[in-house]
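Numbering (full-length UniProt numbering), first residue to last: 1 to 649.
For every residue, glycine included, the Cβ atom is placed at its ideal position computed from N, Cα and C.
Structure first, commentary second.
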């Protein structure tokens, strides 16, 4: 095995007969506030660390569907910002990060790199979650478990759209009414029972009663227990013999997990915190994962399939437990790299190397943000206790690709240093900049720490985790440069959960696949060879003391962790296929199979070639870094955008 320095690789795009369609596809790859498949809080083609995911869930607990539809407005604004000349977008992305900026510089394989297009279509990147028991999540069954306790199908159709609108406004306290009266047409006891069931099952928190008014029967809906009832599904209406949690498989396209759960909660009129899951998944991908929800019937969930775009729910079952974050074995990836240029021998060598050696377990580009101000710089300023720098890094104008309203907000901030005036420039207040400005308006410019604390905890911790990742990437590149791909005395390995140094007389018992490197913190040890000193030197250069990683604010104290430096994927398989049309899918998804779509018929020889690869990865590893090892190509948005746009010219 030998290490190889990274070199730039030219990437050419296929010339499509339909230039407009491909231009639109490329526009959809652009980044606004979020990465193409991930948001700035560290969700990625990895399974995010358990600590980060706990934070993500904590911050949804108080989230409730916004009365003025602000979330939808966010999406519309992001979409509108993506319009425009792709060449100018590429020019703006010149200010973004490249892999070498964040310490990603080495390869482990010796094959010659070749070019290919990653995620030309989001359907070229499919993720299936792997549970702790090794079971891979698939959507292959839309049937609903038979349950005599379920309401009749008529429950879902007995209420008119107008009735549903009034009941929703009552449920969410959107008007001053204390009750809603629904006239019973064609009155009968059975009809009244169905309406009672419909209101109570579709609008948790509402109670019903029957009243006579002017000789007519009315069902009166009203609040049973104030606003708290909204989040608490009716306990007494749930059969004791049925598990309290409905588990289901969520198949989603081009949406991240938290967005999907927020959409589901809006349609079900419940709070997002009654959902649980094992890991967050990509946005720009097709992903399949298990979700659990408290006391919502499979019948209600199945009805959502009729009205949801880019989602499908299935494989329903009732269980007595929720899902826990981090309790998964990993993810299985199916990836198509289009328009590859490598020879059959190059591809064979690259994939055999991935199967036998693996790839460097770098933190991917998603970890470091997409603008000219990397997230690790903000994390470093937090650890330095330099709060003015934190504020300036988040709010100052910066070159590069950003939404227009953010640009105006930053300009106002630079001109006036007035948080109220800058906040007025933001139509969407829930971005990090808006939250910080709101904090500064509330606490004043002399209390930046409290102002920064308004930002959700997961976002704040994302910055310091980004700095840890930045240090780790750089140190691993140096470790591989200095010592190559073999275990050496002074390296660290894990025995159980404890890190120990490899001793001289024991070194032959270990390989590079056993070696771990620490993320800096107060509860880790460092290699005994010169990389240990390199950690110290890097932190000293950043005005930090490696022996004092405790922060006066407990949240920002870093305990550290250990991470394997080489990952060898499991279940690695691949094939090269030919195709003529860049717009057609090259394999069937779970949904295609359920809908009975025929398997794509591909030519023996075609205009283009694609590499279809499959592999499984453990939690907290990045699929893009495995693909990088195969292609020997910079995966940064800056590089990809420049290359993609060159093709358009």
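Worksheet item: Nearest CA to the CA of residue 341: which residue from 607, 620 and 174?
Response: In the chain shown, the residue the question calls residue 341 occupies position 341. It is 607.
Worksheet item: Which term fits residue 452, buried or exposed, when burial requires 16 or more other beta carbons within 10 angstroms of its beta carbon?
Response: By one-based count along the chain shown, residue 452 stands at place 452. The residue is buried, with at least 16 neighbouring Cβ atoms inside 10 Å.
Practice prompt. Could you tell me which of 196, 172 and 336 sits nearest to residue 159, measuring between CA atoms?
Written response: Taking the chain shown and counting its residues from 1, one reaches residue 159 at position 159. The option with the nearest alpha carbon to residue 159 is 196.
Item to complete: Would you kindly work out how many angstroms separate the C-alpha atoms of residue 464 and residue 471, rounded to a whole number?
Response: Within the chain shown, numbered from 1, the residue matching residue 464 stands at position 464. Within the chain shown, numbered from 1, the residue matching residue 471 stands at position 471. So the alpha carbons of these two residues sit roughly 11 Å apart.
Practice prompt. Check residue 409 in the structure and name its three-state DSSP category.
Written response: Your numbering for residue 409 matches position 409 in the chain shown. Three-state DSSP puts residue 409 in a helix.
Item to complete: For my contact list, residue 99 and residue 624 are in at a C-beta cut-off of 8 Å; report their separation, rounded to the angstrom.
Response: Against the chain shown, residue 99 aligns to sequence position 99. Against the chain shown, residue 624 aligns to sequence position 624. About 10 Å separates the two Cβ atoms, so there is no contact after all.
Item to complete: Going by DSSP, name the residue or residues bridged to residue 614.
Response: What you label residue 614 is simply residue 614 of the chain shown in a count that begins at 1. The partner list for residue 614 (beta bridge, DSSP) reads 334 and 573.
Worksheet item: Are the stretch 327-342 and the stretch 609-624 touching by the rule of at least three beta carbon pairs closer than 8 Å?
Response: yes
Worksheet item: Is residue 136 helix, strand or coil by DSSP?
Response: Indexing the chain shown from 1 puts residue 136 at position 136. Three-state result, residue 136: strand.
Worksheet item: Based on Cα-Cα distance, which residue from 516, 183 and 585 lies nearest to residue 212?
Response: If you number the chain shown from 1, residue 212 lands on position 212. That would be 183, whose Cα lies nearest to the Cα of residue 212.
Discussion item. Spatial neighbours of residue 380 within its chain, please: C-beta separation below 6 Å, excluding the five flanking residues on both sides.
Written reply: To locate residue 380, count along the chain shown from 1; it is residue 380. The residues are 467 and 542.
Item to complete: Helix, strand or coil for residue 441, going by three-state DSSP, please let me know.
Response: Counting from 1 along the chain shown, the entry for residue 441 is found at position 441. Here residue 441 sits in helix by DSSP.
Discussion item. Please return the same chain residues whose Cβ sits closer than 8 Å to the Cβ of residue 396, not counting the five positions on each side in sequence.
Written reply: Against the chain shown, residue 396 aligns to sequence position 396. The answer, listed in chain order, is 373, 410, 413 and 414.
Discussion item. On the CB-based measure, 16 or more other CB atoms within 10 Å of its CB, does residue 248 come out buried or exposed?
Written reply: Counting from one through the chain shown, the residue named residue 248 turns up at place 248. Classification for residue 248: buried.
Fill in: According to DSSP, residues forming a beta bridge with residue 565
As a position in the chain shown, residue 565 is number 565, starting the count at 1. DSSP lists no partner for residue 565.
Worksheet entry | Where residue 351 falls: helix, strand or coil (DSSP) | Locating residue 351 in the chain shown gives position 351, where the first residue counts as 1. Three-state result, residue 351: helix.
Practice prompt. State the start and end residues of the unbroken beta strand (DSSP E) segment that holds residue 499.
Written response: Taking the chain shown and counting its residues from 1, the one referred to as residue 499 is at position 499. Taken as a continuous stretch (DSSP letters only), the beta strand (DSSP E) holding residue 499 covers 498-501.
Practice prompt. Look at the Cβ atom of residue 203, then the Cβ atom of residue 168, and state whether they are nearer than 8 Å.
Written response: Position 203 of the chain shown, counted from the first residue, corresponds to residue 203. Position 168 of the chain shown, counted from the first residue, corresponds to residue 168. Yes. Within cutoff.
Item to complete: Give the DSSP-derived three-state secondary structure of residue 314 in the structure shown.
Response: Looking up residue 314 in the chain shown gives position 314. It is a strand residue.
Worksheet item: Rounded to a whole number of angstroms, what is the C-alpha to C-alpha distance between residue 633 and residue 117?
Response: Translated into positions along the chain shown, residue 633 becomes position 633. Translated into positions along the chain shown, residue 117 becomes position 117. Those two C-alpha atoms are separated by around 10 Å.
Worksheet item: How many Å lie between residue 292 and residue 345 at the Cα?
Response: Counting from one through the chain shown, the residue named residue 292 turns up at place 292. Counting from one through the chain shown, the residue named residue 345 turns up at place 345. Each residue's alpha carbon lies about 45 Å from the other.
Item to complete: Tell me, to the nearest whole angstrom, how far the beta carbon of residue 609 is from that of residue 576; I am working on the premise that it is less than 8 Å.
Response: Along the chain shown, read from residue 1 onward, the residue named residue 609 stands at position 609. Along the chain shown, read from residue 1 onward, the residue named residue 576 stands at position 576. Yes, residue 609 and residue 576 are in contact; Cβ-Cβ is about 6 Å, under 8 Å.
Worksheet item: Is the distance from the Cβ of residue 461 to the Cβ of residue 521 below 8 Å?
Response: For this step, residue 461 is matched to residue 461 along the chain shown. For this step, residue 521 is matched to residue 521 along the chain shown. Taking 8 Å as the Cβ cut-off, residue 461 and residue 521 do not qualify as a contacting pair.
Discussion item. Checking the sheet assignment: what are the DSSP bridge partners for residue 128?
Written reply: Locating residue 128 in the chain shown gives position 128, where the first residue counts as 1. Residue 128 is bridged to 288 and 332.
Worksheet item: Does DSSP put residue 513 in a helix, in a strand, or in coil?
Response: Position 513 of the chain shown, counted from the first residue, corresponds to residue 513. DSSP places residue 513 in helix when its eight states are reduced to three.
Discussion item. Nearest by alpha-carbon distance to residue 253: which of 287, 272 and 268 is it?
Written reply: Along the chain shown, one-based indexing puts residue 253 at 253. Here the closest residue by C-alpha is 287.
Discussion item. Taking 8 Å as the threshold (beta carbon to beta carbon), is residue 373 in contact with chain C?
Written reply: Of the protein chains in this structure there is only one, and it is not chain C.
Worksheet entry | Residues near residue 592 in its chain [Cβ-Cβ closer than 6 Å; skip 5 each side] | Along the chain shown, read from residue 1 onward, the residue named residue 592 stands at position 592. Excluding residues within five positions, none has a Cβ falling inside 6 Å.
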